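There are 2 protein chains.
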Amino acid sequence: MQARVDGDRVRLDERGRERFYDSRGYGHPVDGELHLSPVETAHLLYRGDLDSVDGMGFRAFLEREDGLASRFLVYKDLRDRGFYLTPARDGWVDGAAEETPPADIDFVVYPRGKGPWDDAVAYRMRVVAERASVPVDALGDVVLAVVDEESELTYLETTRPDVSGTAPDPTDTTAEAALLNDRLLAWNPPERLHTAGFYGRWLGDDHAALQLSLLEGVYLAERGVLSVPGGRDAVLARGREAAGDRFDRRLAVYTALRERGVVPKTGFKFGADFRTYAEVSSVDDLGHSERLVRVLSPGHAFRPRDLSLDVRLAHGVRKEMVFAVTEGAPGAPSGDAAWLAVSRLTP
Amino acid sequence: MQARVDGDRVRLDERGRERFYDSRGYGHPVDGELHLSPVETAHLLYRGDLDSVDGMGFRAFLEREDGLASRFLVYKDLRDRGFYLTPARDGWVDGAAEETPPADIDFVVYPRGKGPWDDAVAYRMRVVAERASVPVDALGDVVLAVVDEESELTYLETTRPDVSGTAPDPTDTTAEAALLNDRLLAWNPPERLHTAGFYGRWLGDDHAALQLSLLEGVYLAERGVLSVPGGRDAVLARGREAAGDRFDRRLAVYTALRERGVVPKTGFKFGADFRTYAEVSSVDDLGHSERLVRVLSPGHAFRPRDLSLDVRLAHGVRKEMVFAVTEGAPGAPSGDAAWLAVSRLTP
């Protein structure tokens with residue numbers, strides 16, 4: 001079969017279209033012929049379905065373009081798993097890739113049993129190297145196919161979760177507290193603050209003192225629940241002393257979670273900012289925390305390895321990994337946050 | 348009982364020594380009297396064993412000193428768990444703390460059933476806040492007691508592991524490879540390279556091409572195993588392009604591990620630099636990888652939350668978390684590495 005390189009594509013005649021597109025979903029038909037992208041061409045060469053292109057076999061064709069190998073690995077893996085997929089080139093996948101500009105993805109993957117002639121899309125996929133930098137804004141409806149340094153693949157699905165819950169917030173109560181280094185102690189507070197609102201942690205079994213975090217302290221002082229020498233501002237100042245701008249970002253996310261009926265508690269044991277509970281009927285009968293939340297500033301760029309670490313850990317403890325990107329300027333977060341969930345995917 | 352503040356200690360008379368030191372291991376006896384540190388005093392006040400000190404009850408005494416609360420939490424927790432422990436003050440624990448300067452630790456904890464009058468030591472413990480910065484050099488024979496923002500405790504044990512294994516390194520073979528972006532492809536290499544040495548990853552089932560990482564490429568080119576256009580230097584240059592100085596540090600650790608009979612493979616899926624195998628009889632019959640290794644530069648300081656993340660993940664996948672600190676200048680690592688293992692401890 002005649003196949004020849006023409007700029008950034010490989011052109012096949014009508015027989016090629018029948019054989020590779022109509023029955024197996026390769027390429028993009030144009031005026032009766034078939035146009036193949038380099039990665040599709042490499043795959044057909046690898047399989048022996050094409051013998052050569054302009055005299056090049058698989059090896060020569062693969063070595064011709066520096067970045068082709070990693071895209072090839074992903075393309076091959078998805079084909080091996082029984083998927084048809086199309087490189088996300090302008091004009092090739094316009095309808096299917098509607099929600100994501102083709103520039104942000106590499107492949108449109110169809111559900112098993114479907115192909116480019118159908119409307120359905122299983123995944124919008126972006127291939128990234130382990131050492132790439134991945135801006136958080138580009139995520140939310142794409143799957144990252146990370147090719148690590150040893151050419152192993154990890155698929156990470158990114159979605160926009162609905163973060164909301166039904167946990168009560170008993171802010172119709174009052175308590176007094178002292179500021180002690182980076183925590184507060186509320187002496188003989190109303191038990192409900194802890195039992196219903198899941199604020200703080202008792203110092204001892206007698207419940208004489210409730211230890212509150214600086215975040216809880218600012219939040220409760222702001223709502224008139226907590227009286228503390230120096231007021232809310234003193235607690236806020238202590239938080240900024242300890243954590244700088246980060247304190248404000250974490251406070252913005254803490255507040256957004258509480259306002260959405262979700263209880264945030266420290267995620268320290270999981271290396272995250274928060275673990276969250278969407279339902280709290282009573283602290284004595286507390287369910288599993290469903291999510292781990294890491295707070296990011298606007299414009300954050302992920303290193304895939306850090307993502308892999310967070311997602312793997314969350315998976316291991318049966319929680320969903322969620323990133324909260326604060327709104328407003330980096331130093332002055334305001335209002336709500338944008339939520340991004342990332343999980344491992346086995347296509 | 349008479350108890351009075353004298354500088355940085357609280358002094359009790361002989362009756363106090365009999366009651367609190369002789370039978371319960373509090374304080375440090377001096378000339379028949381008993382000297383208590385603030386944290387011990389706070390604990391005796393908390394328990395009601397002392398009513399007041401210079402008119403101060405538990406609350407007033409605890410609020411008197413800013414950093415006391417977190418040390419108190421750890422002291423109380425260890426007492427609750429049945430341990431006797433002594434604040435690591437100069438002159439109080441000289442023998443017991445011999446290996447670690449008292450300045451680097453807060454408490455010497457004795458084995459259950461033992462006390463300050465015995466020689467045995469269970470843990471040398473250092474109390475750190477979640478937001479502290481912990482230099483890697485100060486670790487290796489101490490236990491970190493991390494007090495997180497919600498006053499929960501996490502104990503992290505640090506040790507110096509023996510990193511060595513019996514894995515073969517079949518460098519008496521040769522292969523040719525091409526450099527493709529951030530990986531190498533060796534075409535039709537000797538199978539042993541992979542099956543005995545666990546180098547690389549096959550591109551397909553026909554074993555026509557072995558994909559090697561840039562680290563494996565440099566290591567094998569340096570040993571004359573791999574011929575690649577431009578030689579070892581071309582691969583090294585590509586690695587530095589992708590990862591900067593970090594590539595050299597990772598290479599130093601990769602090399603140190605191989606020379607110690609341990610096989611390093613990528614730790615990407617675990618967010619680490621490497622996972623390691625101390626025994627490799629055959630790749631087809633590969634055991635569990637025992638360790639996760641993260642490479643650090645000299646002088647690195649941990650944030651406890653990052654440590655918590657790594658250690659929790661490693662624990663979840665039944666591996667030991669090991670940090671490798673390269674030697675030599677930060678930009679020019681050389682020779683071996685210093686190894687540090689960190690694991691969760693339940694005292």
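If you read the sequences in order, they're chains A and B. Once you know that position 115 of the first sequence is 115 in my numbering, the rest is easy, because the numbers rise by one and skip nothing. One rule links them: number in my numbering = place in the second sequence (from 1) + 347. Ideal Cβ positions, reconstructed from N, Cα and C, are used throughout, including at glycine. All figures in this text were calculated on a predicted structure; none of them were measured in a lab.
query: Across the segment 137 to 151 of chain A and the segment 52 to 67 of chain A, are there enough close Cβ pairs to call them in contact, namely three or more that are closer than 8 Å?; result: no
query: Between W464(B) and H375(B), which are expected to be in contact by the criterion C-beta below 8 Å, what is the C-beta distance as a whole number of angstroms?; result: At roughly 11 Å, the Cβ-Cβ gap does not stay under 8 Å, so W464(B) and H375(B) are not in contact.
query: Between which residues of its own chain and A97(A) is the CB-CB distance below 8 Å, once the five residues before and five after are set aside?; result: A caution first: A97(A) carries a pLDDT of 49, below 50, which makes its placement in the model too unreliable to give a value.
query: State yes or no: is the C-beta of L500(B) within less than 8 Å of the C-beta of L420(B)?; result: yes
query: Say whether chain B places a C-beta atom closer than 8 Å to the C-beta of V317(A).; result: yes
query: Between the beta-carbon of R459(B) and the beta-carbon of G487(B), is there less than 8 Å?; result: no
query: Is any beta-carbon of chain B found at less than 8 Å from that of E222(A)?; result: no
query: Since F405(B) is in the alpha helix (DSSP H), which residue starts that stretch and which ends it?; result: F405 to E410
query: Along chain A, in chain order, which residues have C-beta atoms closer than 7 Å to that of A525(B)?; result: E63
query: My output table needs one value for R473(B): the three-state DSSP class, helix, strand or coil.; result: strand
query: Just confirm the distance between the C-beta atoms of L654(B) and V689(B), as a whole number of angstroms; I'd bet it's less than 8 Å.; result: 6 Å
query: Can you list, in chain order, the residues of its chain with a C-beta nearer than 6 Å to that of K461(B)? Leave out the 5 residues immediately preceding and following it.; result: A467
query: Please report the distance separating the alpha-carbon of V218(A) from that of L313(A).; result: 30 Å
query: Step through the CB atoms of chain A and report whether any lies within less than 8 Å of the CB of A590(B).; result: yes
query: Could you confirm whether any beta carbon from chain B is found closer than 8 Å to the beta carbon of K269(A)?; result: yes
query: Looking at the secondary structure, which residues open and close the beta strand (DSSP E) in which H28(A) lies?; result: H28 to V30
query: Taking A648(B) as the reference, which of R478(B), D398(B) and Y368(B) has the closest Cα?; result: R478(B)
query: Between the C-alpha atoms of R288(B) and E674(B), what's the straight-line distance to the nearest angstrom?; result: Given that chain B is displayed from residue 348 to residue 694, the structure contains no residue 288(B) and the question cannot be resolved.
query: What do you get for V311(A), buried or exposed, if any count of 16 or more other CB atoms within 10 angstroms of its CB means buried?; result: buried
query: Could you compute how far the alpha carbon of R418(B) sits from the alpha carbon of R358(B)?; result: 20 Å
query: How is D353(B) classed by DSSP in three states: helix, strand or coil?; result: strand
query: For D148(A), go through chain B and note every residue whose CB falls closer than 7 Å to its CB, in chain order.; result: T613 and F615
query: Taking the straight line between their C-alpha atoms, what separation do you get for G618(B) and E157(A)?; result: 17 Å
query: When you compare the CB of L44(A) with every CB in chain B, is at least one pair closer than 8 Å?; result: no
query: Using a Cβ-Cβ cut-off of less than 7 Å, list which residues of the segment 446 to 475 of chain B approach chain A; keep chain order.; result: none
query: Using the C-alpha atoms, what's the distance from V481(B) back to K265(A)?; result: 24 Å
query: What residue range is occupied by the uninterrupted alpha helix (DSSP H) comprising T602(B)?; result: D592 to E606
query: With 8 Å as the C-beta to C-beta threshold (strictly closer), list the residues of the segment 153 to 186 of chain A near chain C in chain order.; result: The question asks about chain C, but that chain is absent: this structure's protein chains are A and B.
query: List the residues that DSSP assigns as beta-bridge partners of V481(B).; result: F649(B)
query: Ignoring anything shorter than 3 residues or poking outside the segment 498 to 586 of chain B, list the beta strand (DSSP E) runs there in chain order.; result: 500 to 506, 522 to 527, 530 to 534 and 556 to 559
query: What separation, rounded to the nearest whole angstrom, lies between the Cα atoms of G165(A) and E279(A)?; result: 6 Å
query: Would you decide whether R183(A) is buried or exposed? Buried here means 16 or more other CB atoms lie within 10 Å of its CB.; result: buried
query: Excluding the 5 residues flanking S282(A) on each side, which residues of the same chain have their C-beta closer than 8 Å to its C-beta?; result: T195 and A196
query: Since H379(B) and E361(B) are thought to touch, with beta carbons under 8 Å apart, how far apart are those beta carbons, to the nearest angstrom?; result: It should be noted that the sequence gives Gly, not His, for residue 379(B). Contact holds; Cβ gap of about 5 Å.
query: Residues of chain A with a CB under 8 Å from the CB of G429(B): which are they?; result: The contacting residues do not exist; G429(B) stays about 16 Å from chain A at best.
query: In angstroms with no decimal places, state the Cα-to-Cα distance between E365(B) and R638(B).; result: 49 Å
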